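J.: Dropping the structure in here first, questions after.
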Amino acid sequence: MSKKITLIHSNNLPSVDYAYASHVPSGMDLYFMAGACPLDDEGSVPEASGYEEQAKLCVENLRAALKECGADLRDVAYTRVLVASTEQPDLVTVWNTVREAFGSHDVPSTLSGVTVLGYENQLVEIEAVAALSKQEMPK
Numbered sequence: 003m004s005k006k007i008t009l010i011h012s013n014n015l016p017s018v019d020y021a022y023a024s025h026v027p028s029g030m031d032l033y034f035m036a037g038a039c040p041l042d043d044e045g046s047v048p049e050a051s052g053y054e055e056q057a058k059l060c061v062e063n064l065r066a067a068l069k070e071c072g073a074d075l076r077d078v079a080y081t082r083v084l085v086a087s088t089e090q091p092d093l094v095t096v097w098n099t100v101r102e103a104f105g106s107h108d109v110p111s112t113l114s115g116v117t118v119l120g121y122e123n124q125l126v127e128i129e130a131v132a133a134l135s136k137q138e139m140p141k
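In the numbering used here, the protein residues as written are 3 to 141.
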């Protein structure tokens, strides 16, 4: 029987569109994913790409990295979404795009506005921690 991450919601805190915590049972292995960047096939951030487009590309790249580990978005126990902006609407655009990609797996997350990210033209980055049962790990 495979073990699963439990997402913990609160009846005592305000209702939000994410879990307040996640529980990873003992016996699962954790994967700390490098920040998923909005890189295209050439390894560059597409010029003139906006927040939503970059968020989608980050999720696509996160999915690919997770797949290399034998995981998918449902195996993610935590995310941190970084947005290079001081404008709250930009953060909300990115958040809505990422949340839509995760669907009903409303993983706990931190959303932060930052001054700059590592690649030229980069506006978005997604960090993630995933957990897999030992029998699910790739060989």
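Quick reminder that beta carbons are idealized off the backbone N, C-alpha and C, glycines included.
This one's a predicted model, so the numbers in the text were calculated from it and none came from an experiment.
Pull up the DSSP beta-bridge partners for F34, would you.
T.: DSSP lists V131 as partners of F34.
J.: Assign V26 to one of two classes, buried (16 or more other C-beta atoms within 10 Å of its C-beta) or exposed (fewer than that).
T.: Burial call: buried.
J.: CA-CA distance, V118 and G37?
T.: So the alpha carbons of these two residues sit roughly 14 angstroms apart.
J.: So who's on the other strand from H229, going by DSSP bridges?
T.: For residue 229 there is no data in the structure shown, the boundaries of the chain being 3 and 141.
J.: In angstroms, rounded to a whole number, what distance separates the CA positions of R65 and G105?
T.: Cα-Cα distance, rounded: 14 angstroms.
J.: In whole angstroms, what separates the C-alpha of F34 from that of N14?
T.: Roughly 30 angstroms between the two C-alpha positions.
J.: On the CB-based measure, 16 or more other CB atoms within 10 Å of its CB, does Q1 come out buried or exposed?
T.: Look at the range of the chain in this structure, 3 to 141, and you will see that residue 1 is not part of it.
J.: Does DSSP put M3 in a helix, in a strand, or in coil?
T.: Confidence in M3 is poor, its pLDDT being 46 and thus under 50, which makes the residue's placement unreliable; the coordinate value appears in the next sentence. Residue state, collapsed to three classes: coil.
J.: Can you tell me where the alpha helix (DSSP H) holding V61 begins and where it ends?
T.: Run containing V61: 53-70, per the alpha helix (DSSP H) assignment.
J.: Can you pull the DSSP bridge partners for L84?
T.: Paired residue(s): S114, E127.
J.: Please determine if the stretch 42-49 and the stretch 74-89 are in contact, where contact requires at least 3 C-beta pairs separated by less than 8 angstroms.
T.: At 8 angstroms Cβ cutoff, the stretches do not touch.
J.: Looking at the unbroken beta strand (DSSP E) that takes in L119, where does it start and where does it end?
T.: First-last for L119: undefined, no H or E at that position.
J.: With 16 other CB atoms within 10 Å as the buried threshold, where does V96 fall?
T.: With 16 or more Cβ atoms within 10 Å of its Cβ, V96 is classed as buried.
J.: Quick check on A176: buried or exposed, where buried means 16 or more other Cβ atoms within 10 Å of its Cβ?
T.: This structure leaves residue 176 out entirely; the chain is present only between 3 and 141.
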